[in-house]
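Converting from the sequence shown to our numbering requires adding 671 to each position, the first position being numbered 1. Don't be surprised by glycine CBs; every beta carbon is placed ideally from N, CA and C. The structure appears right after this line, and notes come after that.
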Amino acid sequence: MTEAPKKLYIKTYGCQMNVYDSERMAEAMGGQGYEQVDSPEGADMILLNTCHIREKAAEKVYSELGRYKPLKVANPDLKIGVAGCVAQAEGEEILRRQPMVDLVVGPQSYHRLPELERQARAGGKALDTDFPEEMKFDHLPQRPKPKRGPTAFLTVQEGCDKFCAFCVVPYTRGAEVSRPVSRILREAEGLVEQGVREITLLGQNVNAYHGEEGSETWGLARLIRRLAEIDGLDRIRFTTSHPRDMDDDLIAAHGDCDKLMPYLHLPVQSGSDRILKRMNRGHTAEDYIRLVERIRAARPDILMSGDFIVGFPEETEEDFLATMALVEEVGYGQCFSFKYSSRPGTPAAERPLVDPAEADDRLQRLQALLTRQQRAAQDAMVGREVGVLVEKAGRLPGQVVGKSDHLHAVHMVANLAPGSLVRARITESAPNSLAGTLV
Ligand code: 5AD
Ligand code: SF4
């Protein structure tokens, strides 16, 4: 008789990198007889995969942990772990402040999770937040386990050397490291064999990619061109990029590589040169605008996306208006915008804050503009023919939903299986999605 699988509940916060990491953690624990479940009740192990990038992240983790207390009381064998960037940043402090926690594991050490779990089962506390010397990608799958759905993420790069003054990533995720080309190709081929038709290449600084291939070093554009040769892989995307790493070849690939989709997430953070300098971004507003012009020259219909921070220390109304002007000039398809929140240990944390009411007001004004632009970009799709990769059944009977080349959700009444790549004419634009008919 085989033992019943143990139940693993993973709660994921934050970015796509964390979503990907959670899948890898579930795989690693699968080898230990764990099966992933959708709710913490009745679980044998709970893992919080945390994000530290904004707003009181550690406090949220502690309050979430507090919610698990009754579960631990009811089942003393329940093991609770904290993973991700808060684990990296807080380390032992978590074990001190929350004795209920059995293990703490940083993003560089997920391959050690089974061993840490064994330590915890043996009654100890397990902690691993080292930045190991060994290649941290060695544990990533050679042959990923079967996937549901036609889209997948694939990590090609981790960490960041840019040290933007507000950001914890260089501290929690460590220095920039790229995965070797051959590993990525093998994983991509494995995904395609399982029916994946669209791959999004992931990295905190993905366009800084510089992977080894024999004695050569490949940039992201060369990697994309090689991936595009895989039969059955129809679409390639990548995220997130830094303006300073958009090289000529990558810009050109947007024009000449059909499988590279016309959507680019290229955060600028601010439109004020004074603030960009204080943020240590290494580019001006003008550099960014010229860069977008060159990308649009290569791929005129590209939809631009970005991230913005308002209320960075010492941001004046004039600085903020420069951000609004940049947004007007670039014209975005979709954006993320945040109020600055101070991260202990980063250089900006030492500087005087903007009045919070003022920062809130700026965020509202920026978001109103970005929402208008997002809506305009969607409305401009009406009447156009676009590619749609069907992902699943829609909410209404007979309906399917998928993503357009430009990453808009598209609803269609059609009898199509997930994974179908079709042409559709867009007929309608709703607040967060499009409707289309099969061409
Ligand atoms: N405060 C607010 N926003 C931040 N981001 C990163 N750090 C901070 C911070 N301290 C935003 C940036 C980044 C996105 C992932 O999160 O805009 O691009
Ligand atoms: Fe953080 Fe800047 Fe690196 Fe992006 S580029 S991860 S914002 S330090």
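- Taking the CA atoms as reference points, Glu-847 sits about 9 Å from Tyr-880.
- In terms of Cβ geometry, Ile-922 and Arg-965 form a close pair [threshold 8 Å].
- Residue selection by CB proximity (closer than 5 Å to any heavy atom of the ligand 5AD) returns Ile-724, Arg-725, Phe-837, Cys-838, Pro-938, Asp-978, Ile-980, Phe-1009, Tyr-1011, Ser-1012, Arg-1014 in chain order.
- Between Phe-983 and Met-950 the beta-carbon gap is near 6 Å, inside 8 Å, which marks them as a contact.
- Contact between the stretch 830-839 and the stretch 700-717 is not established, with fewer than three Cβ pairs separated by less than 8 Å.
- Per DSSP, reduced to three states, the secondary structure at Glu-763 is helical.
- Taking 7 Å as the cut-off, the C-beta of Lys-833 counts as close to a heavy atom of the ligand SF4.
- If one requires a minimum length of 4 residues, the alpha helix (DSSP H) runs lying completely within the stretch 733-784 are 740-745, 755-761, 763-768, in chain order.
- Between the stretch 1090-1105 and the stretch 909-920 there are fewer than three C-beta pairs closer than 8 Å, too few to call the two in contact.
- Tyr-680 has Val-708, Ile-717 as its beta-bridge partners, per DSSP.
- Rounded to the nearest angstrom, the gap between the Cα atoms of Ala-836 and Phe-979 is 14 Å.
- Distance from the Cα of Arg-893 is smallest, within the candidate group Asp-1032, Gly-1058, Ala-793, Ser-853, for Ser-853.
- At a Cβ-Cβ threshold of 8 Å, Thr-826 and Gln-759 do not count as neighbours.
- Between the stretch 764-775 and the stretch 733-752, the count of Cβ pairs shorter than 8 Å is three or higher; the stretches touch.
- Between the stretch 1046-1058 and the stretch 1010-1026 there are fewer than three inter-stretch CB-CB distances shorter than 8 Å, so the stretches are not counted as touching.
- Comparing C-alpha distances from Ser-976 to each of Phe-909, Thr-822, Ser-710, Asn-1086 shows the shortest one belongs to Phe-909.
- Restricting attention to Thr-1098, Ser-734, Leu-904, Glu-735, the CA atom closest to the CA of Gly-1090 is found in Leu-904.
- For Ala-791, same chain residues with a beta-carbon under 7 Å away, outside a window of 5 residues either side, are Lys-750, Asp-773, Leu-774, Ala-797 in chain order.
- Residue burial is scored here from C-beta neighbours: Asn-876 has at least 16 other C-beta atoms within 10 angstroms and is therefore classed as buried.
- With a cutoff of 7 Å, Asn-746 does not count as near the ligand SF4, since its C-beta is closer than that to no heavy atom of the ligand.
- If you compare the alpha carbons of Glu-988, Gln-707, Ala-697, Glu-985 with that of Pro-785, the shortest gap goes to Ala-697.
- For Gly-861, the uninterrupted alpha helix (DSSP H) segment begins and ends at 852-864.
- Within the stretch 1011-1098, complete beta strand (DSSP E) segments of at least 3 residues are found at 1056-1064, 1070-1075, 1080-1084, given in chain order.
- For His-913, the shortest separation between its Cβ and any heavy atom of the ligand SF4 lies below 7 Å.
- Looking only at Ser-941, Gln-703, Ala-969, Lys-677, the smallest Cα-Cα distance to Glu-957 is reached by Ser-941.
- Closest in C-alpha terms to Pro-971, from the list Met-932, Arg-850, Arg-1043, comes Met-932.
- Counting the other Cβ atoms within 10 Å of the Cβ of Gln-1035 gives fewer than 16, which makes it exposed.
- In this structure, Leu-891 keeps its C-beta atom at 8 Å or more from the C-beta atom of Ala-859.
- With 16 or more other CB atoms across the displayed protein chains lying within 10 angstroms of its CB, Ala-754 is buried.
- Counted as a single uninterrupted DSSP element, the beta strand (DSSP E) harbouring Leu-798 occupies residues 797-799.
- One thing to note: Ile-960 has its Cβ no nearer than 8 Å to the Cβ of Leu-935.
- Across the structure, Val-1001 and His-1077 are spaced so that their CA atoms are roughly 17 Å apart.
- In this structure, Asn-876 has its CB closer than 7 Å to one or more heavy atoms of the ligand SF4.
- In the three-state reduction of the DSSP assignment, Val-848 falls in the strand class, which pools E and B.
- Gln-940 carries a strand assignment under DSSP once its states are collapsed to helix, strand and coil.
- Pro-1018 has its Cβ no nearer than 7 Å to any heavy atom of the ligand SF4.
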